[in-house]
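Residues in the sequence shown are numbered consecutively from 1, following the UniProt record's numbering. Note that beta-carbon positions come from the ideal geometry of N, C-alpha and C, so glycine has one too. The model shown is predicted, which means the values in this text are computed figures rather than measured ones.
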Amino acid sequence: MKIPGGKGGIMSSNPIEIDHSHLPAYCEGIRHLGEPWADFERYADHAIIQEGQSAIADPADPRAVYQTLLAADALRYVTLQVCGSKGSGHPGGFASSAEAHAALMMLGHTNIVTEVGHHAPGFYASMFLDGSLEAMGIRTLNDMMARFREKHGLLGHLSGAIPGLLAPAGPLGQGQHFAMAGALLHRDKLFPVTIGDGGMGEPYVLNAMMHFHTAYPEVTNFLPVLVWNGYSQEHHSMVSLLDNGAMTAYWEGHGFDEVVLVDAKDFDDSAQDGAFVDSSRFGHDARMAFAARVLAEMDRAAKSALGGKLTAFVLKQLKGTGVHAVGAKSHNLYPADTLDAAHIVDGLKRRALPAQAWHIVRENLGRAGGGPAAKTAVTETELALAPLPAFAMQDFAKGEKAVPSTAMGALVAQLGQADPRFVVTNADGNEASAMKNINDALKIRHPTQDPLYNQMPNGQVYEPLNEDACAGLAAGLALFGSRALWLSYESFAINGWPIVQTVTQAMAELRRKTPSIVTMFTAGALEQGRNGWTHQRPEIENYFAAMMRNGNVYPLFPCDANAIQAAYAYATDSCNKGMVIIASKSPLPVYLSLEEARTAVEEGAAVLYESAGGDKGTVVFAVTGDMVFLPVFEAKQALEAEGYRVRIVAVINPRRLYRPGDVAWDTVSQGDGRFMDDVRFDSLFDGDVLLAVSGGPSAPLEPVLLRTRAARRDTLCWKRGETTASPAEIMDFNGITASRMIERVRALS
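Take a look at the structure:
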């Protein structure tokens, strides 16, 4: 049989001839077969998980142990051969978790997520072995190799777009949020999350789980599985010197009631040096004993977690167990690590299974959990949602002053009262953002009941003092199909934004609808003068602006209290998008009626003011923000007095102002191809002089600057923070003043 090569093919110049007559069809492309293990006919005469069953009946059954170990080695073999086919990918970390992963699947717990993006090849192997990848046309090992790390194939790091996989993984320190979100939404299922000890230095993993457990003590059906293998990507892990007692105490110190630790060293019959050993080097009986312990203890840990105890499982064995190398040297492959390289061949031969074993593995894993994960994982179907309420909005009169964040808070309260699963997260406090009305209605989830502080054990407002934990739970809930809202100060949002970026990219790839992740960031830089530069970090708006081109990210800049209500309703009614609302918490003038605001959010922009005439030319102000309109309107009066015609345009939804070709909208799930046409755009932004003005950075105004036909243009925007006594003073420090605007218009005219 010739294995395909060339672009997108297999890195091999020496194809292996295999007799496939006794192999299942999915094994087409397998490079090596092995001899049957001892007692194969006794313990593997038929699949232990029989037709109609979803898990092994008895973890103590020697046949269950034997076949779990077969599954573990099958996972290792597929992982290494697929990585070797491209001389790329990361086999070592997952290899040290193979017994734990196989045990979970054989026990029927297949809603597995991970914190470790480098475990991707192993997770793909599990989806291949259970048949899930057939949903994307990967039916054979040849197919899998051809599409590994290729466009429209198996991404280098995990993606929730892959059939059967629940969530993405790439940046460390995120996977636990998905496990907790799944556990919160599906109380009858276990959500294991594998965590690498190389990532234990990330500060948020155990911290996030500890706060979640304090807020939701009854939700224990997530199970962190620490893959303690002694190494990270390029060196020893930071916890490699801990002994077993210290590791157990580490988890117990973070609130875990049960810490189940299995150490491969206890079964070593091969005299390996060091605290971390390679169980694949054991004799057969020792391997069986080790697998039996893993299976039994994993079953105990799963039952403990499902039974109401916060539980962790720790598997201690050497990184690279059972593949081509050990330690950090097993972490990833390079172009020279091909399927013909001696060390890769040796690793594959050591893990090679007989033909009948591949039948057994497919039958067991294809039945585990009730069928292939592509059909049974909780994220493979849309979660039923409570109907959106008909928001009762307040139509503030033009010219009056109202607080934008408070106006939005009233709608958030209505949504929470209509949808009991809805969760609001906020690290810095809703009251500080003039959104106490959310706490009044929905209550802060806290074990200490105190009406003075709106604290209730069953509240819907989740307030860890950690932006990562806030963003993580909200993003995880949205990805898994439930509504959530992350609130923060704009200055601090950068600490939690990476997981929102991960999730919005995942949403762009999903094969199903899911509620958009909605965020709202208050206390813009202009409001935080007395707090100084630590609270004046609007530069994140440039991050949001760059993500607009992804196709499913929408920064929204409501200009007043009516516009923010329209923006929140628009964001909440959307699917598979990242919606970012940025607004102030101060009383500010109202410029648009509620109906005008709805139209402006949908179209992208609206005229707030236009002079009746003027003979010195037309000056257009294109503005993102709300408080920054104060100096703009001040400048307008002086410019009109000098004979200019002035048009002030609020840029509320800049994503709508790009040209269709600027944005990858047609490549994303639930794509939105609506953009403002040239006629409407020109009616808003045509003029002799255009000033793009922002209380934050300038990037959100890029679509205006790209398309405007104004011959002369300039930008006035944020430069940097400073301690000041008032918003006017911080605007003056940054040159965002009426006098500066007038000066620029005169210079450009």
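Cα-Cα separation between residue i and residue j, rounded to whole angstroms
i: residue 750; j: Gly617; result: Because the chain is modelled from 1 through 749, residue 750 falls outside the range shown and cannot be assessed.
i: Gly8; j: Thr338; result: A caution first: Gly8 carries a pLDDT of 46, below 50, which makes its placement in the model unreliable, though a value can still be read off. Taking the straight line joining both Cα atoms gives about 14 Å.
i: Asp19; j: Leu69; result: 24 Å
i: Ala286; j: His32; result: 24 Å
i: Trp533; j: Thr624; result: 21 Å
i: Gly307; j: Thr220; result: 8 Å
i: Met105; j: Trp358; result: 16 Å
i: Ala738; j: Glu596; result: 26 Å
i: Pro404; j: Glu252; result: 44 Å
i: Ile360; j: Arg139; result: 17 Å
i: Asn734; j: Gln176; result: 41 Å
i: Gln317; j: Gly274; result: 11 Å
i: Gln394; j: Asn430; result: 20 Å
i: Pro4; j: Asp340; result: A caution first: Pro4 carries a pLDDT of 31, below 50, which makes its placement in the model too unreliable to give a value.
i: Ile736; j: Glu640; result: 19 Å
i: Pro36; j: Met579; result: 55 Å
i: Lys2; j: Gly52; result: Any reading at Lys2 must be qualified, since the residue scores a pLDDT of 29, below 50, and its modelled position is unreliable; the value itself is stated next. Distance between the alpha carbons of Lys2 and Gly52 is about 37 Å.
i: Met731; j: Asp678; result: 33 Å
Within 8 Å, strictly: CB atoms of residue i and residue j
i: Ile444; j: Val461; result: yes
i: Ser574; j: Leu487; result: no
i: Gly199; j: Gly173; result: yes
i: Val345; j: Pro91; result: no
i: residue 814; j: Gly604; result: Outside the modelled stretch of the chain, which goes from 1 to 749, sits residue 814, for which no answer is possible.
i: Val590; j: Lys303; result: no
i: Gly476; j: Phe256; result: no
i: Tyr372; j: Asp130; result: For the sequence presented, residue 372 should be read as Pro rather than Tyr. Cβ atoms of Pro372 and Asp130: closer than 8 Å.
i: Met145; j: Leu133; result: no
i: Val689; j: Ser611; result: no
i: Met298; j: Ala100; result: yes
i: Asn466; j: His211; result: yes
i: residue 785; j: Pro697; result: Given a span of 1 to 749 for the chain in the structure shown, any question on residue 785 remains unanswerable.
i: Tyr204; j: Ala413; result: no
i: Ala71; j: Ala102; result: yes
i: Ser54; j: Gly370; result: yes
i: Val262; j: Val239; result: no
Closest residue to residue i among the options (Cα-Cα distance)
i: Leu348; options: Thr715, Ile30, Gly369; result: Ile30
i: Ala215; options: Ala475, Ala725, Met456, Leu691; result: Met456
i: Phe396; options: Arg530, Ala566, Arg656; result: Ala566
i: Ala325; options: Ala286, Asp188, Val277; result: Val277
i: Ser669; options: Met731, Thr514, Pro654; result: Thr514
i: Ser683; options: Val607, Gly673, Ala305; result: Val607
i: Gln501; options: Gly131, Met393, Asn576; result: Asn576
i: Tyr554; options: Ala561, Glu539, Ala571; result: Ala571
i: Asn550; options: Gly182, Val518, Ala508; result: Ala508
i: His254; options: Ala289, Ala563, Leu206; result: Leu206
i: Gln67; options: Gln53, Ser491, Asp45, Ser85; result: Asp45
i: Phe480; options: Ser85, Ala161, Asn142; result: Ala161
i: Ile742; options: Pro654, Tyr644, Arg709; result: Tyr644
i: Ala342; options: Asp686, Ala418, Gly84; result: Gly84
i: Arg512; options: Ala167, Arg63, Glu35; result: Ala167
i: Arg744; options: Glu467, Thr715, Glu722; result: Thr715
i: Ala38; options: Asp686, Gln528, Gly283; result: Gly283
i: Cys27; options: Leu75, Ala374, Ala60, Leu588; result: Leu75
i: Ala402; options: Thr379, Met435, Lys375; result: Met435
i: Ala634; options: Ala583, Thr708, Arg740, Val294; result: One point to set straight first is that residue 634 is Glu, not Ala, in the sequence displayed. Considering only alpha carbons, the answer is Arg740.
i: Ala305; options: Arg709, Leu184, Thr667, Lys375; result: Leu184
i: Phe629; options: Ala471, Val294, Asp560, Phe128; result: Asp560
i: Glu463; options: Leu442, Arg300, Ala478, His22; result: Leu442
i: Gly34; options: Arg350, Thr723, Leu141, Gly93; result: Arg350
i: Arg680; options: Gly472, Gly613, Thr599, Trp718; result: Thr599
* To do: At 4 residues or longer, and completely inside the segment 3–88: list those alpha helix (DSSP H) runs for me, N to C.
  => 40–43, 62–86
* Do the segment 151–163 and the segment 118–128 make contact, defined as three or more Cβ pairs closer than 8 Å? -> yes
* Report the residue ranges of all alpha helix (DSSP H) runs contained in full by the segment 587–659; include only those spanning at least 4 residues, in chain order. => Complete alpha helix (DSSP H) runs here, min 4: 594–603, 629–641.
* Asked: Along the chain, which unbroken stretches of the alpha helix (DSSP H) at least 4 residues long are found entirely within the segment 669–730?
  -> 678–685, 702–707
* Ranges of the alpha helix (DSSP H) found wholly within the segment 182–241, counting only runs of at least 4 -> 205–215
* Asked: Can at least three beta-carbon pairs, one atom from the segment 672–681 and one from the segment 491–508, be found at a separation below 8 Å?
  -> no
* Asked: Taking one C-beta from the segment 308–323 and one from the segment 224–243 each time, how about it: are there three or more such pairs within less than 8 Å?
  -> yes
* Give a yes or no on contact between the segment 700–713 and the segment 651–665, applying the rule of three or more CB pairs nearer than 8 Å. => The segment 700–713 is in contact with the segment 651–665.
* Output the residue ranges of the alpha helix (DSSP H) runs that lie fully inside the segment 228–314 and measure 4 residues or longer, sorted by chain position. => Segments of the alpha helix (DSSP H) lying fully in the segment 228–314: 244–252, 284–306.
* Touching by the beta-carbon criterion (3+ pairs, under 8 Å), the segment 535–550 and the segment 377–387 -> no
* To do: Quick one: which unbroken alpha helix (DSSP H) runs of 4-plus residues sit fully inside the segment 410–474? Chain order, please.
  => 436–442
* Asked: Can you give, in chain order, each stretch of the beta strand (DSSP E) that sits fully within the segment 546–571 and has at least 3 residues?
  -> 553–556
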